[in-house]
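Participant: My structure is below; once you've seen it, I'll send some questions.
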Amino acid sequence: MNAEFMQAFEQLGKEKGIAPEVLFDAIEAALISAYKRNFGSAQNVRVSLERSTGEIHVYARKNVVEAVTDSRLEMDLEEARVQDIRYELGDIVEIEVTPKDFGRIAAQTAKQVVVQRIREAERGIIYEEFSNRESDILTGIVQRIEQKNVFIDLGKAEAILAPSEQINGEAYRHGDRVKTYIIEVKKTTKGPQILVSRTHPGLLKRLFELEVPEIHDGVVEIKSVAREPGLRSKIAVYSRDENVDPVGACVGHKGMRVQAIVNELKGEKIDIVKWNADPVKYIANALSPAKVVAVDVNEIEKISKVIVPDYQLSLAIGKEGQNARLAAKLTGWKIDIKSETQAYSAE
């Protein structure tokens with residue numbers, strides 16, 4: 001390999017963010033393998049790659065011993081002292097064994113090493129970039145669907161939307177633009193594996209952060225999220241500024257902000273409720289849109305008994321218990337709902 005060849009490797013390494021010394025060390029290690037593969041696998045050799053000129057030297061390394069049992073690995077003291085009188089038993093003698101046509105093999109090997117290292121470096125950069133974006137939203141394009149897994153093109157990388165992370169009934173077609181939530185980035189031999197979700201509560205939270213400036217600015221805070229993906233969700237919001245209505249900020253003018261999120265989630269209904277430090281008020285709010293007459297709480301066991309008007313009972317419980325279930329998930333309280341008639345007849 002000539003000097004220009006070496007300079008090209010060094011420059012390429014710098015451009016791709018690989019330290020030149022790391023690259024050259026890798027080339028030397030690969031050249032040892034190449035030599036053994038082509039000229040004798042049993043030998044113990046060292047390869048020296050001259051950084052400035054590109055010259056390559058291969059040295060056979062032999063231990064100085066009293067009695068030689070393998071001439072490929074050992075040399076007796078008398079023979080060693082022909083090389084240098086100062087050699088003693090136990091020393092290692094290096095004898096140059098560079099083959100005449102080794103330059104061609106070396107150039108090919110070096111090229112392979114550089115390509116491999118650049119690929120590894122680029123994979124590392126992509127891994128770092130996406131691992132720092134865990135719990136964030138990414139927009140990608142549906143590339144293909146294999147065994148119900150949806151593969152999404154993110155530009156530099158590909159994400160996998162597993163069946164368990166897909167919203168029931170949601171169809172994905174080639175070329176569709178889709179927003180997903182990064183749940184995990186794994187390092188693999190083929191590069192980073194990015195696992196994304198459409199069902200994670202974090203997706204709903206991040207969509208509100210992107211859509212509502214007051215949340216992005218920290219004036220309004222999302223305290224809790226409860227989701228039944230594709231069906232219905234509840235979020236509890238709180239305002240640090242008493243002049244800002246947190247629910248109104250999330251709903252937006254004529255409901256435009258929340259509607260944009262509903263559209264992104266293909267019609268998933270979203271209840272936005274006001275968070276309150278008082279569990280009585282918070283639980284009442286969480287059961288919205290139902291009206292609540294009274295809430296009795298057991299702070300120790302985190303159990304609440306809620307009374308609603310008779311005509312509001314089915315609304316408070318919701319279809320198949322959905323409203324009550326989401327309210328319990330949102331607040332972290334067990335909620336027992338009774339109508340006024342049920343409550344007072346039990347007394």
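Numbering-wise, full-length UniProt numbering puts 206 at position 206 of the sequence shown, and it's gapless, one number per residue. Cβ coordinates follow ideal geometry from the N, Cα and C atoms, glycine included. Bear in mind that the values here come from a model prediction, so they are computed numbers and not experimental data.
(1) With a threshold of 7 Å on Cβ separation, who are the neighbours of E211 within its own chain once the five nearest residues in sequence on each side are excluded?
(2) Helix, strand or coil for G218, going by three-state DSSP, please let me know.
(3) Classify R303 as buried or exposed, calling it buried when 16 or more other Cβ atoms lie within 10 Å of its own Cβ.
(4) Tell me the residue span of the alpha helix (DSSP H) that contains E120.
(5) What residues in its chain sit with their C-beta under 6 Å from that of K16, if we drop five residues either side in the sequence?
(6) Pull the bridge partners of L195 from the DSSP assignment, please.
(7) Quick one, which of D278, P279, E214, E268 has its alpha-carbon nearest V247's?
(8) Leaving out five residues before and five after K156 in sequence, what residues of the same chain have Cβ atoms less than 6 Å from its Cβ?
(9) Helix, strand or coil, according to DSSP, for A29 in the structure here?
(10) Under 8 Å by Cβ, that's how I've got V237 and V220 pegged, so tell me the actual separation to the nearest angstrom.
(11) If you follow the alpha helix (DSSP H) that T331 is in, where does it begin and where does it stop?
(12) Compute the beta-carbon to beta-carbon distance between Y59 and I85, rounded to the nearest angstrom, for a pair I have assumed lies under 8 Å.
(13) Excluding the 5 residues flanking S48 on each side, which residues of the same chain have their C-beta closer than 6 Å to its C-beta?
(14) So, do the region 26-44 and the region 96-107 have three or more beta carbon pairs nearer to each other than 8 Å?
(15) Does H200 pass the burial test, meaning 16 or more other C-beta atoms within 10 Å, or should it be called exposed?
(16) Taking the straight line between their C-alpha atoms, what separation do you get for L89 and V82?
(17) Please name the residue, chosen from H174, E128, V113, N132, that lies closest to E10 on a Cα-to-Cα basis.
(18) Based on Cα-Cα distance, which residue from I32, L77, H174, V115 lies nearest to T98?
(19) With DSSP as the reference, label residue 354 as helix, strand or coil.
(20) DSSP on R257, reduced to helix/strand/coil?
Facilitator: Let's see:
(1) For the purposes of this step, residue 211 is identified with residue 211 of the sequence shown, where counting begins at 1. Excluding sequence neighbours, E211 sits near R257, A260, I261.
(2) Residue mapping note: residue 218 aligns to position 218 of the sequence shown, counting from 1. Of the three classes helix, strand and coil, the one that applies to G218 here is coil, per DSSP.
(3) Locating residue 303 in the sequence shown gives position 303, where the first residue counts as 1. In the sequence on display, residue 303 carries Ile and not Arg. The residue in question, I303, is exposed, as its Cβ has fewer than 16 Cβ neighbours within 10 Å.
(4) Numbered from 1 along the sequence shown, position 120 holds the residue referred to as residue 120. Segment 102-131, the alpha helix (DSSP H) holding E120.
(5) Taking the first residue of the sequence shown as 1, we reach residue 16 at position 16. Contacts found: I118, A121.
(6) As a first step, residue 195 is located in the sequence shown; it is residue number 195 there, counting from the start. Answer is I160, E184, bridged to L195.
(7) One-based indexing of the sequence shown puts residue 247 at position 247. Closest option to V247, Cα to Cα, is E214.
(8) Counting from 1 along the sequence shown, the entry for residue 156 is found at position 156. The residues are I126.
(9) Position 29 of the sequence shown holds residue 29. Reduced to three states, the DSSP call for A29 is helix.
(10) Numbered from its first residue, the sequence shown carries residue 237 at position 237. Numbered from its first residue, the sequence shown carries residue 220 at position 220. Contact holds; Cβ gap of about 6 Å.
(11) Numbered from 1 along the sequence shown, position 331 holds the residue referred to as residue 331. Its alpha helix (DSSP H) spans residues 322-331.
(12) Numbered from its first residue, the sequence shown carries residue 59 at position 59. Numbered from its first residue, the sequence shown carries residue 85 at position 85. That belief does not hold up - the Cβ atoms of Y59 and I85 are roughly 20 Å apart, past 8 Å.
(13) As a working note, residue 48 is residue 48 in the sequence shown. H57, listed in sequence order.
(14) Segment contact: the region 26-44 against the region 96-107, three or more CB-CB distances shorter than 8 Å; contact assigned.
(15) Position 200 of the sequence shown, counted from the first residue, corresponds to residue 200. By the neighbour-count rule (16 or more Cβ atoms within 10 Å), H200 is buried.
(16) Here residue 89 corresponds to residue number 89 of the sequence shown, with the count starting at 1. Here residue 82 corresponds to residue number 82 of the sequence shown, with the count starting at 1. In a straight line, the C-alpha of L89 is about 14 Å away from that of V82.
(17) Residue numbering aside, residue 10 sits at position 10 when the sequence shown is read from its first letter. The residue with the shortest Cα to Cα distance from E10 is V113.
(18) The residue you call residue 98 lines up with position 98 of the sequence shown. The shortest Cα separation from T98 among I32, L77, H174, V115 belongs to I32.
(19) Only positions 1 to 347 of the chain appear in this structure, which leaves residue 354 out of reach.
(20) Stepping through the sequence shown from its first residue, residue 257 is reached at position 257. Helix.
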